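Visitor: Numbering (my numbering), first residue to last: 353 to 640.
C-beta: ideal position from N, C-alpha, C; glycine also.
Quick caveat: nothing in here was measured; it's all calculated off a predicted structure.
Following this message is one structure expressed as structure tokens.
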Amino acid sequence: KLIDFFGGQKDLRIGIIRVLYNLSFVEDPARIIRAIRFEQRYNFKMDRTTEDFLKKAIDDKLLSRLRKKRITEELILILKEENPLKSLKRMEELGALKYILPDVELNEETVKRLNKIKDNYNFWKRNISDEKIELWMIYFCCLIRNLKISQIQRIYKKIIFKQKSLDKINYCYSNLDQIIKMISQKNKISPSTIYLKLKGLPNEVLFLAMIESNTDIAKERVNNYFKKYKKESLYISGKELKELQVKPGPIYSQILNKLLCAQLDGEVKNKSDEIRFVKNILEERNKI
Numbered sequence: 353k354l355i356d357f358f359g360g361q362k363d364l365r366i367g368i369i370r371v372l373y374n375l376s377f378v379e380d381p382a383r384i385i386r387a388i389r390f391e392q393r394y395n396f397k398m399d400r401t402t403e404d405f406l407k408k409a410i411d412d413k414l415l416s417r418l419r420k421k422r423i424t425e426e427l428i429l430i431l432k433e434e435n436p437l438k439s440l441k442r443m444e445e446l447g448a449l450k451y452i453l454p455d456v457e458l459n460e461e462t463v464k465r466l467n468k469i470k471d472n473y474n475f476w477k478r479n480i481s482d483e484k485i486e487l488w489m490i491y492f493c494c495l496i497r498n499l500k501i502s503q504i505q506r507i508y509k510k511i512i513f514k515q516k517s518l519d520k521i522n523y524c525y526s527n528l529d530q531i532i533k534m535i536s537q538k539n540k541i542s543p544s545t546i547y548l549k550l551k552g553l554p555n556e557v558l559f560l561a562m563i564e565s566n567t568d569i570a571k572e573r574v575n576n577y578f579k580k581y582k583k584e585s586l587y588i589s590g591k592e593l594k595e596l597q598v599k600p601g602p603i604y605s606q607i608l609n610k611l612l613c614a615q616l617d618g619e620v621k622n623k624s625d626e627i628r629f630v631k632n633i634l635e636e637r638n639k640i
């Protein structure tokens, strides 16, 4: 038999979020974010008393008491929700957002950008399913997209990401416009150029560039990069270069990279073509 002293079953049935007593948010301010997250995830509603306690805790700046690591963990959980925009809007409505993401405004442009993520993620899963991306990071990059560096630095005083995630976010902030311009241009771009420009870039950055460009040609280029160019392999390797009496060293990677670009552009199609291409490179080098 289940003994329910606090009416939890009834609250679940009618969709109510309720604290047990008035110091709940004081004891652990992270419960403020958690209450909002669960309220929005399950389409529940805080009862009036709970919402009053929560607002009081926010007004008393209790969120500022949380360690960076704790706030970051709660923020990432929000951004990993099926629809993080609902929780972000509720945080803004209740006055909590400014204590975690100061200067971030959920204006029409930002909301439109956030809404595009989910639709395009379905395209990504259908077409580039073997390339993983962290959606929470993409949402965060969208939120800071139009902020100044000084404003982003203010946010970094509140939260702390792992270095790998931070590097991706900072790269996205600094280089996204340039990548969008490249993959969106109407002029023909060779497969090797696309490969060299996109090689090594974080998947999250390429995903965001694709949806920000909002063009079919950009989607096609990103899709081709992952489905074709990135998976391209050569018939020959260092073994054949050694047989051609090429002295081992950095020249190996230089030759193989040139060869891969030639293959991507259709200049070589088989092993014989590749060996002939390498011989031509060596002949040109010997003339210098």
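Where do the ends of the alpha helix (DSSP H) carrying Arg442 lie?
Guide: Pro436 to Leu446
Visitor: Bridge partners for Met398 per DSSP, in chain order?
Guide: Answer is Ile369, bridged to Met398.
Visitor: Note the first and the last residue of the continuous alpha helix (DSSP H) segment covering Gly359.
Guide: For Gly359, there is no enclosing alpha helix (DSSP H), as DSSP gives it neither H nor E.
Visitor: Output yes or no for whether 8 Å exceeds the beta carbon distance between Lys594 and Pro600.
Guide: yes
Visitor: Find out if the Cβ-Cβ distance for the pair Ile607, Val630 is shorter than 8 Å.
Guide: yes
Visitor: Under 8 Å between the Cβ atoms of Trp476 and Ile490?
Guide: Not closer than 8 Å, so no.
Visitor: For Met562 and Leu550, what's the separation of their Cα atoms in angstroms?
Guide: 12 Å
Visitor: Identify whether Arg628 lies in helix, strand or coil by the three-state DSSP scheme.
Guide: helix
Visitor: Contact between the stretch 526-542 and the stretch 443-459 is defined here as three or more beta-carbon pairs at a separation below 8 Å; is this criterion met?
Guide: no
Visitor: Mind checking whether Ile384 and Ala448 have CB atoms under 8 Å apart?
Guide: yes
Visitor: Hey, how far is the Cα of Ala570 from the Cα of Glu461?
Guide: 21 Å
Visitor: Thinking just about the alpha-carbon of each residue, which of Arg393, Asp412 and Lys579 is nearest to the one in Ile369?
Guide: Arg393
Visitor: Quick one, are the C-beta atoms of Gly367 and Phe396 less than 8 Å apart?
Guide: yes
Visitor: Closer than 8 Å is the cut-off here; do at least three beta carbon pairs connect the stretch 464-473 with the stretch 411-419?
Guide: no
Visitor: According to the neighbour-count rule (16 or more other Cβ atoms, all chains shown, within 10 Å of its Cβ), is Gln505 buried or exposed?
Guide: Classification for Gln505: exposed.
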